[in-house]
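Numbering (the numbering used here), first residue to last: 289 to 668. Beta carbons are placed, not taken as given, at the ideal position from N, Cα and C, and that holds for glycine. Model, not experiment: these values are computed from the prediction.
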């Protein structure tokens, strides 16, 4: 009888294992210990006025609410309930895996990395530290499940880009008959392609003149992560788009390099649209008078709530929850992406709201790459 019962248990365990069910993971933070979080920001750091800045803002909100501290930042020392360690990638050629591993070695409960180029490093280190949770923002690691100790967060950048692109199409039509648009991205990555494809689709939706191939001119700053910290090179590309390409405005999605696009816009009397953060506000709030002067050239921004993607798992850690592994997406419907265009007339505002609502309801399929973009424009 005991043998029969044992066989039943073994069969049941084998069945659940074959279904991918894993053993329950122990709590991350032991009773009486101080929770510890480590994060690696990508090239550009907290001052990039883009994703890294937003990530840091999410951390600031978290430690302020939880009475914790960011080690090394006296302005972010609110208490000792939680410690946050921030590493900033200073060199695009730096050993990304070594940085991530150093945080895990030090016993951080949650390790976060920002950027697509951390994908391989996070996958490797997460396997070596099964009792630590890992969060990868803007990257992708295949074959994860809800029970994995690694979660990948991605954004529907193409949806936010579609709305600002729709506005850019209207702007170009008013600016001059036949005006083109421009796009300056950092590296040629899937994320950047989503921005470019969504922007081009939105422009083509509201302005038929922008439907032919070549109506949205584009350039990528560099093939390495230095693309996000090279405003001089970005300015050179933007100048070509403004002067020779005849772009009415340029959509800038190149991190700290966006400054070069803005400087070029000032030189040629043109405008730009920012990506990730509210670039107009970021320039206006800067301690740099030169950036203050550029703020008025920014017509709007495609917003990406990286701050929320950082804040939420940190808060879950403090509430006693382990990270849910696998994949999480932030889109227009759940407020993870959005748009901000301060000076909209009533007609434009109504049109953009209608397009946004159609996106939220799934009535519009915004392209994420050049092939899908061609199909979308063909369908108009």
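I need the straight-line Cα distance from residue 432 to residue 396, nearest angstrom please. Cα to Cα, the separation comes out at about 21 Å.
When you compare the segment 398 to 405 with the segment 419 to 430, are there three or more beta-carbon pairs, one atom per stretch, that lie closer than 8 Å? Short answer: they touch.
Kindly indicate the opening and closing residues of the alpha helix (DSSP H) around residue 354. Its alpha helix (DSSP H) spans residues 339 to 354.
Is residue 645 buried or exposed, if buried means 16 or more other CB atoms sit within 10 Å of its CB? Per the 10 Å Cβ criterion, exposed.
From the DSSP secondary-structure annotation, give me the bridge partner or partners of residue 421. For residue 421, which the question treats as bridged, DSSP gives the partners 398.
Kindly identify the DSSP beta-bridge partner or partners of residue 442. 617, per the DSSP bridge assignment.
If we count Cβ pairs, one from each stretch, closer than 8 Å, do we get three or more for the segment 478 to 488 versus the segment 409 to 416? Here the segment 478 to 488 makes no contact with the segment 409 to 416; the two share fewer than three CB pairs at distances below 8 Å.
By the 10 Å Cβ neighbour count, where 16 or more other Cβ atoms means buried, how is residue 284 classified, buried or exposed? A query on residue 284 cannot be resolved here, the shown segment of the chain reaching from 289 to 668 and no further.
Residues near residue 452 in its chain [Cβ-Cβ closer than 8 Å; skip 5 each side]: Here the set comprises 487, 490, 539, 561, 588, 589, 590, 627 and 629.
On the three-pair Cβ rule with 8 Å, is the segment 521 to 539 touching the segment 349 to 367? No, they do not touch.
Same chain, Cβ closer than 7 Å to residue 574, neighbours up to 5 away in sequence not counted: Leaving aside the five residues that flank residue 574 on each side, the residues in its chain whose CB is nearer than 7 Å to its CB run, in chain order, 580.
If the criterion is Cβ atoms closer than 7 Å, does the pair residue 470 and residue 505 meet it? It is a contact, given that the beta carbons lie within the stated cut-off.
Just the Cα atoms here: how many angstroms apart are residue 498 and residue 601? About 41 Å.
Which one of 446, 349, 548 and 449 has the shortest CA to CA distance from residue 336? Comparing Cα-Cα distances from residue 336 to each of 446, 349, 548 and 449, the minimum goes to 548.
Alpha carbon to alpha carbon, how far is residue 369 from residue 625? Give it in angstroms, no decimals. If you take the alpha carbons of residue 625 and residue 369, they lie about 31 Å apart.
Using 7 Å as the threshold, is the C-beta distance between residue 384 and residue 406 below it? Yes, they are a contact pair.
For residue 516 and residue 657, what's the separation of their Cα atoms in angstroms? The alpha-carbon atoms of residue 516 and residue 657 are separated by roughly 21 Å.
With 16 other Cβ atoms within 10 Å as the buried cut-off, status of residue 633: Classification of residue 633: exposed, given that the 10 Å Cβ count is below 16.
For residue 358, name the three-state secondary structure that DSSP assigns. The answer is strand: DSSP assigns residue 358 an E or B state.
Between the beta-carbon of residue 346 and the beta-carbon of residue 595, is there less than 7 Å? Yes, they are a contact pair.
Using a 10 Å radius around the Cβ and a threshold of 16 neighbouring Cβ atoms, would you call residue 668 buried or exposed? The residue is exposed, with fewer than 16 neighbouring Cβ atoms inside 10 Å.
Please go through the same chain and pick out, in chain order, the residues whose beta-carbon is closer than 7 Å to the beta-carbon of residue 463, but skip the five residues on each side of it. Within the same chain, Cβ atoms closer than 7 Å to the Cβ of residue 463 are found at 536, the five residues on either side in sequence being excluded.
Residue of 364, 461 and 327 minimising C-alpha distance to residue 377: Proximity to residue 377 across 364, 461 and 327 peaks at 327, based on C-alpha coordinates.
Determine the burial state of residue 520: buried for a count of at least 16 other Cβ atoms within 10 Å of its Cβ, exposed for fewer. Residue 520 comes out exposed.
In whole angstroms, what is the alpha-carbon distance linking residue 386 and residue 409? Those two C-alpha atoms are separated by around 8 Å.
Can you give the Cα-Cα distance for residue 651 and residue 643, rounded to whole angstroms? Using only the alpha carbons, I get a separation of about 9 Å.
In DSSP terms, what residue 512 is bridged to: Looking at the DSSP output, residue 512 bridges to nothing.
Bridge partners for residue 563 per DSSP, in chain order? Answer is 590.
Taking the alpha-carbon of residue 541 as reference, which of 317, 577 and 445 has the nearest alpha-carbon? The shortest C-alpha separation from residue 541 is found at 445.
At the level of alpha carbons, what is the spacing between residue 661 and residue 492? Cα atoms of residue 661 and residue 492: separation of roughly 10 Å, rounded to the nearest angstrom.
Quick one: what does DSSP say residue 470 is sitting in, helix, strand or coil? The three-state reading of DSSP puts residue 470 in strand, counting E and B together.
Here's the rule I'm using: 16 or more other beta-carbon atoms within 10 Å means buried, otherwise exposed. How should residue 322 be labelled? Answer is exposed; the Cβ neighbour count stays below 16.
When 324, 439 and 603 are compared against residue 394, the one with the closest alpha-carbon: Of the candidates 324, 439 and 603, the one whose C-alpha sits nearest the C-alpha of residue 394 is 324.
Does residue 503 come out as helix, strand or coil in the three-state DSSP assignment? Residue 503 falls in the coil class under three-state DSSP.
Less than 7 Å separating the beta-carbons of residue 472 and residue 526? Yes, these two residues count as a Cβ contact at 7 Å.
Of all the alpha helix (DSSP H) runs that stay within the bounds of the segment 600 to 658, which reach a length of 4 or more residues? Counting only runs of at least 4 residues, the segment 600 to 658 fully encloses the following alpha helix (DSSP H) elements, listed from N- to C-terminal order: 634 to 648.
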